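Student:
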Amino acid sequence: MTVFRCYMKITKKNISIVLMYFVIFTIVSLIMFYAGRGDDGSGKFTSSRLNAGIVDNDKSGVSEKLADYLSKLHNADMLENDISALQEKMYYNRYEIIIQIPEGFSENLLSGDAKVSVTQQPGSYSYMYVESQINDFINRIIKYNIAGYTMEESFEKVQDVKESKVTLIDVNGNGGNMPDFAFLFQFFPYTSIAILGNLLGIILCSFRKKEVKNRIAASAVSLRRQSAEAFLSFIVIGVIVWAAFLALVFAIRGKELLNNVNMFYYIINSFAVMALSLSIAFLTGILAKEPSMVNMIITPVSLFMSFLGGVFVPLNLLNSTIRKIARFVPVYWYEEVNNKLSGYAEIPADIAKDIWSGIGIQVLFTLMFISLTLAISRYQIQEK
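Residue numbering for the sequence shown follows this note's numbering, beginning at 37 and increasing consecutively.
1. In its own chain, which residues sit with a C-beta less than 8 Å from the C-beta of D113, not counting the 5 before and 5 after it?
2. Counting C-beta neighbours from all protein chains within 10 Å, is the total for K48 16 or more, i.e. buried, or is it exposed?
3. Ignoring anything shorter than 4 residues, give me the alpha helix (DSSP H) runs that lie fully in the region 296-338, in order along the chain.
4. Could you pull out every unbroken alpha helix (DSSP H) segment of at least 4 residues lying fully inside the region 74-153, listed in chain order?
5. Tell me the DSSP bridge mates of M156?
6. To the nearest angstrom, how far is the alpha carbon of Q195 from that of V98?
7. Inspect the beta-carbon positions of L339 and V277 and report whether they are closer than 9 Å.
8. May I ask which residues mark the beginning and end of the alpha helix (DSSP H) holding T357?
9. Nearest by alpha-carbon distance to A150: which of D118, G140, F224 is it?
10. Does the distance from the CB of I239 to the CB of N375 come in under 9 Å?
11. Indicate the three-state DSSP secondary structure (helix, strand or coil) for V166 in the structure shown.
12. Going by C-alpha to C-alpha distance, which of L86, A324, N296 sits closest to D216?
13. Would you check if the region 352-363 and the region 273-288 touch, i.e. whether three or more CB-CB distances between them fall below 8 Å?
14. Count the other CB atoms, across all protein chains shown, that sit within 10 Å of the CB of P225; report buried if there are 16 or more and exposed otherwise.
15. Rounded to whole angstroms, what's the CA-CA distance from I177 to S96? Just pull it up for me.
16. Give every residue of the same chain whose Cβ lies closer than 8 Å to the Cβ of E358, excluding the five residues on either side of it in the sequence, and list them in chain order.
17. Would A308 and I383 be called neighbours here (beta carbons separated by less than 9 Å)?
18. Give me, in chain order, the residues of the same chain whose beta-carbon lies closer than 8 Å to that of R85; leave out the 5 immediate sequence neighbours on both sides.
19. Near A117, which residues of its chain fall below 8 Å by C-beta distance, leaving aside the five closest residues on each side in sequence?
20. From D386, G237, E265, L284, pick the residue whose C-alpha is nearest to that of I333; which is it?
21. If you draw a straight line from the C-alpha of V59 to the C-alpha of S52, how long is it?
22. Is DSSP giving I231 helix, strand or coil here?
23. Please classify V54: does DSSP put it in a helix, a strand, or coil?
24. To which residues of the same chain is Y127 closer than 7 Å at the C-beta, ignoring the five residues directly before and after it?
25. Could you check whether A381 and N298 sit closer than 9 Å to each other, using their CB atoms as the reference points?
26. How should M424 be labelled, buried or exposed, when 16 other C-beta atoms within 10 angstroms of its C-beta is the threshold for buried?
27. What does the Cβ neighbour count give for I174, buried or exposed, with the cut at 16 atoms within 10 Å?
28. Taking L377 as part of the alpha helix (DSSP H), name the residues at either end of that continuous run.
29. Contact defined as beta carbons within less than 8 Å: I believe I229 pairs with M341. What is the distance between those atoms, to the nearest angstrom?
30. Tell me the DSSP secondary structure of I178 in three-state form.
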């Protein structure tokens, strides 16, 4: 097992590559799924309360009602119309927005000409959020008044509006929620391609050096055995990286994953993308003429596949044209399977067919990359 041991020694020498990308993967994955989930894991949206200053230049009952309405929605303070003082408060981040109710606001309300000035900090878009609330308030007052209510009754109606409560229908068994561990599986392709591509690409480049090839050719180890041991080392390294990833997932969300009936599909899908990463690493090692070129190839390839395949940007956020293009990227099919698995508590028969189809397409991409690598390798040998 001389060749196998040699591969493992070079792997050990470049273990820093594995650790670097694995740490990056761990940090990014943890940040993304902890930051992207609510405290209860439901990923619910909540309204935002802003620190707001209100300047009432109208001094009317109508403007007071608007100020009261905004105070219930935000952390609001009543301020005097002192431009320099207002600018100072904004500069020192005392308030995110300043709302100015102009003179004549009450007179212009019912005619639809009532305007409120909203000033925000540079680079902030909170004013759009507040303006929509103010416009909603004004429009409802006008509608209630047209319906025959007095101004006072209109204000009471607006104040009494209850927040809508939305309950997701649990069609697929997950209550509309994506399991936390699915976020970890979502980011695995980038790490797998980056680690195995860089590591194994460097190893192949090292073995393709002229002096190394000559020594191997002169050795007593047959070419078939050399290839078998090299292939075995690739599989072992790939399985170690894959097993380390699964160990991380189980360490963070092991109980949740073990209780998930789709665990088998997640494991098979991640193994398929690991095999795909090995084939990409194989191709990179053949194309790169120097070890320094490996990273120059793998980095853009891993980022391109990850962005277009749905690793960093969820597939449902991509427009239809980009998704059509992304179908030619193997990582896309991994993410398609991952999304289907995270969307169903139990996989129906028709969805199971789609899942196996997605895994099968990944296998076909893997075989295509291997075939392309062998063809290029044969051409390089004939050329010499």
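Where is the CB? At the ideal position from N, CA and C, for every residue including glycine. Quick caveat: nothing in here was measured; it's all calculated off a predicted structure.
Tutor: Walking through what the data contain:
1. Working through the sequence shown from its first residue, we reach residue 113 at position 77. Closer than 8 Å at the Cβ level, and outside the excluded window around D113, lie A88, G89, I90, Y131.
2. One-based indexing of the sequence shown puts residue 48 at position 12. Its Cβ having fewer than 16 others within 10 Å, K48 is exposed.
3. 299-323
4. Runs found: 97-109, 119-127, 141-145.
5. Mapped onto the sequence shown, residue 156 falls at position 120. According to the sequence provided, residue 156 is Gln. The question's Met does not apply to it. Looking at the DSSP assignment, Q156 forms a beta bridge with I133.
6. On the sequence shown, residue 195 is found 159 positions in, with the first residue counted as 1. On the sequence shown, residue 98 is found 62 positions in, with the first residue counted as 1. Whole-angstrom Cα-Cα distance: 13 Å.
7. Working through the sequence shown from its first residue, we reach residue 339 at position 303. Working through the sequence shown from its first residue, we reach residue 277 at position 241. Contact: no.
8. Here residue 357 corresponds to residue number 321 of the sequence shown, with the count starting at 1. 356-362 is the extent of the alpha helix (DSSP H) around T357.
9. The residue given as residue 150 occupies position 114 in the sequence shown. Of D118, G140, F224, the residue nearest in Cα terms is G140.
10. Translated into the one-based positions of the sequence shown, residue 239 becomes position 203. Translated into the one-based positions of the sequence shown, residue 375 becomes position 339. Result no, Cβ atoms of I239 and N375 do not sit closer than 9 Å.
11. As a working note, residue 166 is residue 130 in the sequence shown. Of the three classes helix, strand and coil, the one that applies to V166 here is helix, per DSSP.
12. Residue 216 sits at position 180 when you count from the first residue of the sequence shown. It is N296.
13. Contact between the region 273-288 and the region 352-363 is absent, because fewer than three Cβ pairs lie under 8 Å.
14. One-based indexing of the sequence shown puts residue 225 at position 189. By the neighbour-count rule (16 or more Cβ atoms within 10 Å), P225 is buried.
15. Residue mapping note: residue 177 aligns to position 141 of the sequence shown, counting from 1. Residue mapping note: residue 96 aligns to position 60 of the sequence shown, counting from 1. When rounded, the distance between both Cα atoms is 15 Å.
16. If you number the sequence shown from 1, residue 358 lands on position 322. Per the sequence shown, the amino acid found at residue 358 is Ile instead of Glu. Only L344 meet the Cβ criterion.
17. Walking along the sequence shown from the start, residue 308 turns up at place 272. Walking along the sequence shown from the start, residue 383 turns up at place 347. Not a contact, by the Cβ cut-off of 9 Å.
18. One-based indexing of the sequence shown puts residue 85 at position 49. Result list for R85: L109, H110, N111, in chain order.
19. Position 81 of the sequence shown, counted from the first residue, corresponds to residue 117. The displayed chain sequence assigns Asn, not Ala, to residue 117. Within the same chain, N117 has close Cβ partners V91, N93, Q136.
20. Along the sequence shown, one-based indexing puts residue 333 at 297. For I333, the nearest C-alpha among the options comes from G237.
21. Here the question's residue 59 lines up with position 23 in the sequence shown. Here the question's residue 52 lines up with position 16 in the sequence shown. Distance between the alpha carbons of V59 and S52: 10 Å.
22. Walking along the sequence shown from the start, residue 231 turns up at place 195. Note: I231 maps to helix in three-state DSSP.
23. In the sequence shown, residue 54 corresponds to position 18, counting from 1. Looking at V54 - three-state DSSP - the assignment turns out to be helix.
24. Indexing the sequence shown from 1 puts residue 127 at position 91. Contacts found: none.
25. If you number the sequence shown from 1, residue 298 lands on position 262. If you number the sequence shown from 1, residue 381 lands on position 345. Against a cut-off of 9 Å, the Cβ pair of A381 and N298 comes out as a contact.
26. The structure shown does not extend to residue 424, since the chain is modelled only from 37 to 420, so the question has no answer here.
27. The residue labelled residue 174 in the question sits at position 138 within the sequence shown. So I174 ends up on the buried side.
28. Here residue 377 refers to the residue found at position 341 of the sequence shown. Membership of L377 in the alpha helix (DSSP H) is indicated by the continuous run 366-379.
29. Working through the sequence shown from its first residue, we reach residue 229 at position 193. Working through the sequence shown from its first residue, we reach residue 341 at position 305. Indeed they touch by this definition, with Cβ atoms about 7 Å apart.
30. By one-based count along the sequence shown, residue 178 stands at place 142. Three-state DSSP puts I178 in a helix.
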